[in-house]
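Note sheet for the following structure.
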Amino acid sequence: MTEAAVFQQELLNELKEIKRELSFIRKHMIDIDTFLTPEEAKRLDESIKEHKAGKTVNFEEN
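Numbering (my numbering), first residue to last: 166 to 227.
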């Protein structure tokens, strides 16, 4: 193999490895939108309490 061909093969191998690593990262990455900030959690809890107490409005009925 020529020096250029060896370089191309090494480059291709590195790209394949990067692709495998990227695939692994994507599979194990946490979706930041699934977490609530403390303020969001507080507002959610308040909303649930209001709903259970019947203090909410059903927009489909109005």
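Glycine included, C-beta positions come from ideal geometry on N, C-alpha and C.
Terminal residues of the alpha helix (DSSP H) in which residue i lies
i, result
"ARG183", "According to the sequence provided, residue 183 is Ile. The question's Arg does not apply to it. Looking at the DSSP string, the run of the alpha helix (DSSP H) that includes ILE183 is 168-193."
"ALA206", "203-217"
Sequence-distant residues of its chain with Cβ nearer than 8 Å to residue i (five each side left out)
i, result
"GLU215", "THR221"
Length of the line joining the Cα atoms of residue i and residue j
i, j, result
"GLU205", "GLU179", "43 Å"
"THR167", "ILE197", "48 Å"
"THR202", "GLN173", "48 Å"
"MET194", "LYS181", "20 Å"
"SER188", "ILE213", "38 Å"
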